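Asker: Here it is, the structure, as structure tokens.
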Amino acid sequence: MTPSSALAAALICVLLGGCGGTASSDPAPLGDSTGVKQASTQPVDPASVPPCPRWDQEPNYPNGPIPSGAVSLRVCPGDDPVSRPPQWIQGVASPVEPLVTDIASLVEEVNARSGWPDDPDLICSQEGRPRIKYVFGYPDGSTATMTHGYGGCHVLELAEPDGFPTTDSLVKVGAIEFRDSVAAALLDQRQTQQPPRAVAKAPGCVPNVLPQSILPTEDLHLATAALCLLPDGRRYRRVDLPEALVDRLNMVWHGDEAPRRECSSIPFAKLIGTSTWNDPMVLSISGCSIERWGTNYANEPDYLPLGNDLVSDLLALPRGPWQRQR
288 MTPSSALAAA LICVLLGGCG GTASSDPAPL GDSTGVKQAS TQPVDPASVP PCPRWDQEPN
348 YPNGPIPSGA VSLRVCPGDD PVSRPPQWIQ GVASPVEPLV TDIASLVEEV NARSGWPDDP
408 DLICSQEGRP RIKYVFGYPD GSTATMTHGY GGCHVLELAE PDGFPTTDSL VKVGAIEFRD
468 SVAAALLDQR QTQQPPRAVA KAPGCVPNVL PQSILPTEDL HLATAALCLL PDGRRYRRVD
528 LPEALVDRLN MVWHGDEAPR RECSSIPFAK LIGTSTWNDP MVLSISGCSI ERWGTNYANE
588 PDYLPLGNDL VSDLLALPRG PWQRQR
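Numbering (my numbering), first residue to last: 288 to 613.
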């Protein structure tokens, strides 16, 4: 060994806390309260962020606070609460793009949230596996995954869940509020980016329950749409809408609500579509109005009147053949 290489080796030993003894074979858990990853000073190209992991891949929980230094965040689907093996039903529809802005504040928000309260009278439903997986990405290529789970308890899980949450569980309360923070950050980021050039066709009419985006539907803009006529639980007909009618629907969707009134109605139907960012959209129809529920399902929706002319134009379109729902 040359003098220069010996000096370099000695410096490395000092920086690493000494080279003597036996190193532990178990690395410090990702997300340990002392774990801080080096943040990148360069903006992250969204195209360089890896896609969501497979749905059956076990989450890489941090087993502690989310480490600082994250540069990206993927919103990935977990399991729908009614999903059972071997059939998997995804819990949410993933945004096509990762979040690469405002990550530090979201990490701080998670870590500042309270743990499970010491309240023996607190009761919530606990069915189902995690419905959303938040995958934080770091400059060195590593990830830390946090899940929104445990049924109606709506907790953010920082470790593999083990029964009903307790004060000792590595969970944070307020999963719905955090979801809304992520959605707001994604909408802000979209203001500075161009949507995908290719827009997907409107989703299928069945199954009747489609994975929902975490983004508030009222903030999305239809790019493609189809009318699904569902007279009973056995069959349906589909009508893909031309661009001119999609534009008219957007005017209604982003218009003002109005009281429900008698008018020509579209019986047993729904509108399905794809946003300009390829988010799935489902617009419920009640009579001659679209019901706008929003993300959190208020007690009453907004009623957006279609108007007799638009109803007539929708019903006048040539319809596809009858098809079985199942």
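Beta carbons: idealized from backbone N, C-alpha and C, even for Gly. Quick caveat, the model's predicted, so the values are computed rather than measured.
What does a CB cutoff of less than 6 Å around R361 pick up in its chain, not counting 5 residues either side in sequence?
Answerer: Taken in chain order, the residues that qualify are C339, P385, V422.
Asker: Touch check for the segment 455-469 and the segment 528-542: three-plus C-beta pairs under 8 Å?
Answerer: Too few Cβ pairs lie closer than 8 Å, so no.
Asker: On a CA-only basis, which of S573, D596, V358 is nearest A391? Give me that one, please.
Answerer: Measuring from the Cα of A391, the nearest candidate turns out to be V358.
Asker: CB-CB under 7 Å to A545, same chain, minus the five flanking residues each way: which ones, in chain order?
Answerer: Y590, P592.
Asker: Any contact of the segment 471-484 with the segment 425-435, i.e. 3+ C-beta pairs under 8 Å?
Answerer: Touching, no, given that fewer than three Cβ pairs across the two stretches are closer than 8 Å.
Asker: Are the CB atoms of I501 and I419 within a distance shorter than 9 Å?
Answerer: Yes. Within cutoff.
Asker: Shortest alpha-carbon distance to H441 belongs to which of D389, G402, D408, L474?
Answerer: Closest by alpha carbon: G402.
Asker: Distance, Cα to Cα, T572 vs Q377?
Answerer: Sequence inspection shows Ile at residue 572; the Thr mentioned does not correspond to that position. The straight-line gap from Cα to Cα measures roughly 24 Å.
Asker: Just grab the DSSP bridge partners of P592 for me.
Answerer: For P592, which the question treats as bridged, DSSP gives the partners S576.
Asker: Can you tell me whether G308 is buried or exposed, with buried defined as 16 or more other CB within 10 angstroms of its CB?
Answerer: Residue confidence is low: G308 scores 38 on pLDDT, short of 50, so the model does not pin down where it sits. Its coordinate-derived value is still stated next. It counts as exposed.
Asker: What is the residue span of the beta strand (DSSP E) that A431 lies within?
Answerer: First-last of the beta strand (DSSP E) with A431: 430-436.
Asker: What does the alpha-carbon distance come out to for the pair P605 and V526?
Answerer: Going from the Cα of P605 to the Cα of V526 covers about 7 Å.
Asker: CB-CB under 8 Å to N537, same chain, minus the five flanking residues each way: which ones, in chain order?
Answerer: Closer than 8 Å at the Cβ level, and outside the excluded window around N537, lie H508, L509.
Asker: Between the alpha carbons of P448 and Q499, how many angstroms are there, rounded?
Answerer: Near 24 Å, if we compare the C-alpha coordinates of Q499 and P448.
Asker: Rounded to the nearest angstrom, how far is the Cβ of F555 from that of P503, given a contact under 8 Å?
Answerer: About 26 Å; that fails the 8 Å criterion.
Asker: Between T561 and D475, what straight-line distance do the alpha-carbon atoms span, to the nearest angstrom?
Answerer: Distance between the alpha carbons of T561 and D475 is about 19 Å.
Asker: Excluding the 5 residues flanking G520 on each side, which residues of the same chain have their C-beta closer than 8 Å to its C-beta?
Answerer: Q612, listed in sequence order.
Asker: Give me the Cβ distance between T430 and N347, rounded to the nearest whole Å; I'm assuming they're in contact under 8 Å.
Answerer: Yes, they are in contact, since the Cβ atoms of T430 and N347 sit about 6 Å apart, within 8 Å.
Asker: Can you tell me the Cα-Cα spacing of T454 and D405, whole angstroms?
Answerer: Cα-Cα distance, rounded: 6 Å.
Asker: Residue range of the beta strand (DSSP E) that R522 falls in?
Answerer: It spans 522-527 - the beta strand (DSSP E) in which R522 sits, taken as one unbroken run.
Asker: Candidates T432, P608, L558, A603: which alpha carbon is nearest W540's?
Answerer: W540 has its Cα closest to that of L558, out of T432, P608, L558, A603.
Asker: Taking DSSP's pairing of strands, which residues face D366 in a bridge?
Answerer: Answer is Q377, bridged to D366.
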